[in-house]
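To start, the structure under review is shown below, and the notes come after it.
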Amino acid sequence: MNKQFSIAIDGPSGAGKSSVAKICARELRAIYLDTGAMYRAVGLYMLRNGIDLDDEAAIAAAMPGVKVDVQYVDGEQRVFLDREDVSRAIRGEDVSRAASRVSRVESVREAMVQMQRDIARGKNVVMDGRDIGTRVLPDATLKIFLTADVEARAARRFAENQEKGIRDSYEQVLESIIERDRLDTSRAASPLMKAKDAIEMDSTHLSLEQVAGHVLELARTILEENCP
Ligand code: DC
Numbered sequence: 001m002n003k004q005f006s007i008a009i010d011g012p013s014g015a016g017k018s019s020v021a022k023i024c025a026r027e028l029r030a031i032y033l034d035t036g037a038m039y040r041a042v043g044l045y046m047l048r049n050g051i052d053l054d055d056e057a058a059i060a061a062a063m064p065g066v067k068v069d070v071q072y073v074d075g076e077q078r079v080f081l082d083r084e085d086v087s088r089a090i091r092g093e094d095v096s097r098a099a100s101r102v103s104r105v106e107s108v109r110e111a112m113v114q115m116q117r118d119i120a121r122g123k124n125v126v127m128d129g130r131d132i133g134t135r136v137l138p139d140a141t142l143k144i145f146l147t148a149d150v151e152a153r154a155a156r157r158f159a160e161n162q163e164k165g166i167r168d169s170y171e172q173v174l175e176s177i178i179e180r181d182r183l184d185t186s187r188a189a190s191p192l193m194k195a196k197d198a199i200e201m202d203s204t205h206l207s208l209e210q211v212a213g214h215v216l217e218l219a220r221t222i223l224e225e226n227c228p
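Residue 5 in full-length UniProt numbering is what sits at position 5 of the sequence shown, and the numbering runs on without skipping anything.
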């Protein structure tokens, strides 16, 4: 496959976007960009600096001091905040909530979208997030909108957390996902929504390998049609 391509995978928290995106990127030899990690790094900065997360003007005013960077170490994405590798520190539920809050602010989104486009330029990418198909890569080769029942999403996130040693209870994770769904879909700036030309997939009763298999099939079909 010689043609440059990009795959956008959007959807709510815990639908399995990152697992599916990682498998697809590996199979297609593309880079994987987890855009949520970038909003999480911004959220962590605001938490560490005591910025009121309900004060959008204060968040916007703090943005010039936020130095987020993404690098690939042994093929794995690492996220840096002021040169500190915060890839692990951004995974707790407190940072999840902070990320949801900072991502409502348009100036935060503008900075992140610019970085995401810069990282993607000239490369084959699989990107996951909330606004990839609607804003970051409106001309993506393939757009997927991945959903699942909220309980299934909470159970998956809980299991992932356990593996990473994050000790939040299932109830805390469920509550946090419900709250984040509300924030992500109701915000004015690039709310979570399916792009008109995205293909919706429900992963509630499928393994993430099965979902990735479907996405890969679609991607290969499109790429073969475009460059036989
Ligand atoms: O995918 P995630 O759970 O790591 O994302 C954390 C938060 O960041 C999520 O609640 C919403 C926000 N986000 C966003 O607004 N746009 C993106 N492209 C990715 C994440």
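Glycine included, C-beta positions come from ideal geometry on N, C-alpha and C.
Since we're looking at a predicted model, the values are computed, not measured.
Proximal residues to residue i (C-beta, below 6 angstroms), its chain only, five neighbours per side dropped
{"i": "V126", "result": "I7, A21, C24, A25, A30 and Y32"}
{"i": "R101", "result": "L53"}
{"i": "A60", "result": "V105 and S107"}
{"i": "R121", "result": "none"}
Residue i (DSSP reduced to helix, strand or coil)
{"i": "F80", "result": "strand"}
{"i": "F5", "result": "coil"}
{"i": "I166", "result": "coil"}
{"i": "L216", "result": "helix"}
{"i": "G92", "result": "coil"}
{"i": "D181", "result": "helix"}
{"i": "D202", "result": "strand"}
{"i": "D197", "result": "coil"}
{"i": "A189", "result": "coil"}
{"i": "L174", "result": "helix"}
{"i": "D139", "result": "coil"}
Contacts around residue i, its chain only, beta-carbon distance under 7 angstroms, and the 5 residues preceding and following it disregarded
{"i": "I119", "result": "L33 and V70"}
{"i": "I166", "result": "R91 and G92"}
{"i": "G11", "result": "K17, F145, L146 and T147"}
{"i": "A41", "result": "V68, V79, L81, V86 and I90"}
{"i": "N161", "result": "D168 and V173"}
{"i": "N226", "result": "K3"}
CB-CB length for residue i against residue j, believed under 8 angstroms
{"i": "residue 238", "j": "A99", "result": "Here the chain has residues from 1 to 228 only, and residue 238 is not among them."}
{"i": "G129", "j": "T35", "result": "4 angstroms"}
Those residues which DSSP pairs with residue i across a bridge
{"i": "V126", "result": "I7 and Y32"}
{"i": "Q71", "result": "R78"}
{"i": "residue 233", "result": "With the chain represented from 1 up to 228, any question about residue 233 goes unanswered, as that position is not in the structure."}
{"i": "D85", "result": "F80"}
8 angstroms Cβ shell around residue i - same chain, five flanking residues per side excluded
{"i": "Q172", "result": "E93"}
| Complete beta strand (DSSP E) runs within the stretch 7-63 (minimum length 3 residues, chain order) | If we require 3 residues or more, the beta strand (DSSP E) runs fully inside the stretch 7-63 come out as 31-34.
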